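Protein chains in written order, with our numbering: chain A, 2 to 224; chain B, 2 to 224; chain C, 2 to 224.
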């Protein structure tokens with residue numbers, strides 16, 4: 002009925018690690034909004050389980066993983082309480098948030114792609130599922146907390162998830178075992194995002210012609 | 002196939018009452034955005050059925066309750082039309098919106114927890130399901146209408162849903178009948194939210210150290 | 002298992018056309034946010050498949066259509082690349098975006114209503130499913146890209162989807178064949194939205210009494 006408790010243990014630990022670091026990024030975002038501890042727990046839970054929940058809904062796995070087995074909920078709540086009482090010790094909560102998000106992005110990209118393959122999806126679908134489950138939790142976190150979503154910032158973000166999921170899928174199709182393929186995907190995805198954070202790596206972005214006439218209600222013109 | 006028409010009649014009325022008051026809160030939000038009557042109906046429907054739809058998707062109930070039986074859609078549309086023609090009679094539409102939302106929050110918190118239990122979820126999952134189905138409709142309403150989500154306001158909100166769902170689950174595990182347990186959960190959840198609205202109850206919130214260096218793009222600094 | 006590849010070919014082409022034009026509207030929105038090509042592809046995919054994904058989830062079709070068969074993903078990615086390299090040739094990208102969105106709105110309104118009927122939903126549910134699947138992709142696009150959702154703009158928008166889905170359902174219940182009923186619904190829905198774009202058609206909107214006392218945090222007062 003449900004794929005989660007029946008997972009390969011290795012992917013299970015990847016999944017739980019991703020839940021924990023995304024929960025931490027959610028709790029850190031809650032701290033920037035000066036929420037109370039219950040708000041911390043809610044944002045941590047939604048961020049931690051968001052990507053996997055979307056993945057399970059789209060793949061038709063029901064009920065979703067944390068309904069069958071509540072470990073992820075308890076993990077997210079524990080992380081939220083720890084962050085509530087220790088975040089003031091951190092020099093820059095925003096930097097820590099970005100790094101926790103980067104770890105979660107790389108972990109969920111490979112887990113999402115692996116889950117899709119396991120459920121019989123073609124490679125192109127597995128790639129998109131990896132990217133979607135890697136980015137969805139952070140997106141919900143940012144929308145809930147009224148922050149600018151990370152996917153709208155100029156540094157490379159979605160691409161890191163794409164590279165991670167793509168490396169895993171390439172390694173898998175070349176006949177590598179599941180475990181090294183997952184590790185290779187995680188490592189390359191994280192490396193790309195880390196480079197973007199450390200060196201401000203960006204891609205060539207779309208540049209409109211100058212002098213374009215924006216309509217008066219054009220939000221770009223106001224930014 | 003679907004759990005909804007087979008529900009205990011008592012929980013069915015709780016559910017419909019929650020749909021109606023959330024629909025009213027949605028229509029009142031639409032009035033603040035000066036929408037037309039079709040916009041009123043859409044926001045009322047999405048707010049009214051949002052929490053129950055998320056609950057059914059996560060629990061794996063399919064199709065979701067209002068696809069099997071359209072009473073909730075008709076109820077939401079009727080509420081939207083009534084609000085469209087009578088909202089100008091209300092002294093403060095925003096206060097009325099907050100009270101309708103509070104009623105819906107307390108109703109959906111116990112209904113969500115009860116539905117999860119009925120579908121075999123453990124207690125911790127039922128608690129989270131209560132909170133999520135109580136807060137999701139209002140959240141979608143606020144995001145759609147470009148309003149600050151209520152969960153970001155300082156007064157107690159998520160906690161009221163948690164207390165309501167928790168009281169129901171505690172009463173249920175102590176062997177109380179379903180009906181008094183639902184009523185007890187609803188009453189305590191609503192009491193907590195009402196106290197927050199009347200007396201401005203808040204929880205201790207996270208306070209960062211003074212003098213923290215926010216990055217230039219930090220939205221908190223701009224608020 | 003999945004309804005999509007088994008569809009009537011006619012509705013299948015309607016669906017793919019809607020995916021393509023919504024993908025174009027998403028890529029054009031990405032161009033307004035100066036994203037890189039991967040961001041273009043992500044926004045194009047999410048906008049193109051959003052409405053159909055919500056429809057399949059709510060109707061209980063699993064997995065959702067693009068997991069079973071990846072043509073829609075490849076189509077959206079192709080559209081994103083084309084828009085990335087050609088959007089600067091367009092005089093007003095915002096106008097083009099609005100017209101692509103209008104086509105998608107009319108196409109998805111009839112497809113959503115038809116899919117709901119096919120899965121045994123009553124007429125009122127099919128009407129709401131048409132409206133939801135027509136508006137959801139564009140809504141996610143606008144929330145992701147931090148744009149004012151089109152449903153909040155004063156011109157007729159949701160109503161066009163309602164008219165299109167309603168015309169299809171009326172024609173169908175009068176015994177018309179599926180193909181002319183779909184065409185009639187598409188044509189009327191698109192005509193209403195086109196008139197709104199060309200002539201600024203609006204509905205009577207809700208008007209509050211003057212002198213209302215908004216609370217200090219009322220966002221309407223600040224707009």
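Built from N, CA and C at the ideal position, the CB exists for glycine as well.
Quick caveat, the model's predicted, so the values are computed rather than measured.
Look at residue i and residue j and say whether their C-beta atoms are less than 9 angstroms apart.
| i | j | result |
| --- | --- | --- |
| residue 142 of chain A | residue 50 of chain A | no |
| residue 74 of chain B | residue 174 of chain C | no |
| residue 41 of chain A | residue 32 of chain A | yes |
| residue 105 of chain A | residue 52 of chain A | yes |
| residue 158 of chain B | residue 136 of chain B | yes |
| residue 153 of chain B | residue 147 of chain A | yes |
| residue 128 of chain B | residue 79 of chain B | no |
| residue 48 of chain A | residue 165 of chain A | no |
| residue 28 of chain C | residue 91 of chain C | no |
| residue 207 of chain C | residue 38 of chain B | yes |
| residue 68 of chain B | residue 201 of chain C | no |
Report the option in the options whose CA atom is closest to the CA atom of residue i.
| i | options | result |
| --- | --- | --- |
| residue 186 of chain B | B/84, B/15 and B/155 | B/15 |
| residue 64 of chain C | B/68, B/69, B/66 and B/58 | B/58 |
| residue 36 of chain B | B/203, B/131, B/208 and B/81 | B/81 |
| residue 132 of chain C | C/112, C/146 and C/204 | C/112 |
| residue 20 of chain C | C/184, C/103 and C/128 | C/103 |
| residue 205 of chain A | A/195, A/165 and A/160 | A/160 |
| residue 196 of chain C | C/107, C/11, C/90 and C/60 | C/107 |
| residue 12 of chain C | C/61, C/110 and C/193 | C/110 |
| residue 182 of chain B | B/25, B/171 and B/61 | B/171 |
| residue 114 of chain B | B/93, B/69 and B/163 | B/163 |
| residue 86 of chain B | B/25, B/61 and B/199 | B/25 |
| residue 226 of chain B | B/101, B/34 and B/54 | Only positions 2 to 224 of chain B appear in the structure, and residue 226 of chain B is not among them; the question remains open. |
| residue 46 of chain B | C/118, C/130, C/184 and C/93 | C/130 |
| residue 34 of chain C | C/88, C/66 and C/54 | C/88 |
State the start and end residues of the unbroken alpha helix (DSSP H) segment that holds residue i.
| i | result |
| --- | --- |
| residue 26 of chain A | 10-33 |
| residue 51 of chain A | 38-60 |
| residue 1 of chain B | Nothing can be reported for residue 1 of chain B, as the shown portion of chain B is limited to 2 through 224. |
| residue 73 of chain C | 72-87 |
| residue 165 of chain B | 159-174 |
| residue 103 of chain C | 94-119 |
| residue 69 of chain C | 66-69 |
| residue 143 of chain A | 124-145 |
With residue i and residue j assumed to form a contact (beta carbons below 8 angstroms), what rounded beta-carbon distance in angstroms separates them?
| i | j | result |
| --- | --- | --- |
| residue 99 of chain B | residue 30 of chain B | So it is not a contact: roughly 11 angstroms between Cβ atoms. |
| residue 123 of chain A | residue 71 of chain C | 5 angstroms |
| residue 179 of chain B | residue 116 of chain B | Residue 179 of chain B to residue 116 of chain B, Cβ: 12 angstroms. No contact. |
| residue 145 of chain A | residue 150 of chain B | 7 angstroms |
| residue 17 of chain A | residue 76 of chain A | 7 angstroms |
Answer yes or no: the CB of residue i versus the heavy atoms of the ligand FAD, is any distance below 8 angstroms?
| i | result |
| --- | --- |
| residue 32 of chain A | The ligand FAD is absent from the structure shown, which contains no ligands of any kind. |
Check your understanding: Can you list, in chain order, the residues of the segment 138-151 of chain B whose Cβ is nearer than 8 angstroms to any Cβ on chain A?
Key -> 140, 144, 149 and 150
Point to revise | Interface residues of the segment 156-174 of chain C facing chain B [CB-CB below 7 angstroms] | key: 159, 160 and 163
Practice item. Could you run through the segment 106-128 of chain C and flag, in chain order, every residue whose CB is less than 7 angstroms away from some CB of chain A? Key: Listed by position, the residues of the segment 106-128 of chain C near chain A (Cβ gap below 7 angstroms) amount to none.
**Study point:** Short-range partners of chain A found in the segment 6-38 of chain C, where Cβ spacing is below 8 angstroms
**Key:** 31, 32, 33, 34, 35, 36, 37 and 38
Review point. Using a Cβ cut-off of 8 angstroms, which residues of the segment 73-103 of chain B contact any Cβ in chain A, in chain order?
Key: Those residues of the segment 73-103 of chain B that come within reach of chain A (Cβ to Cβ, closer than 8 angstroms) do not exist; the list is empty.
**Study point:** Contact set between the segment 58-70 of chain A and chain B, restricted to residues whose Cβ is under 9 angstroms from the partner
**Key:** Cβ contacts with chain B: 58, 62, 63, 64, 65, 67, 68, 69 and 70.
**Study point:** chain C contacts made by the segment 194-209 of chain A, where a contact means CB separation under 8 angstroms
**Key:** 203, 204, 205, 206, 207, 208 and 209
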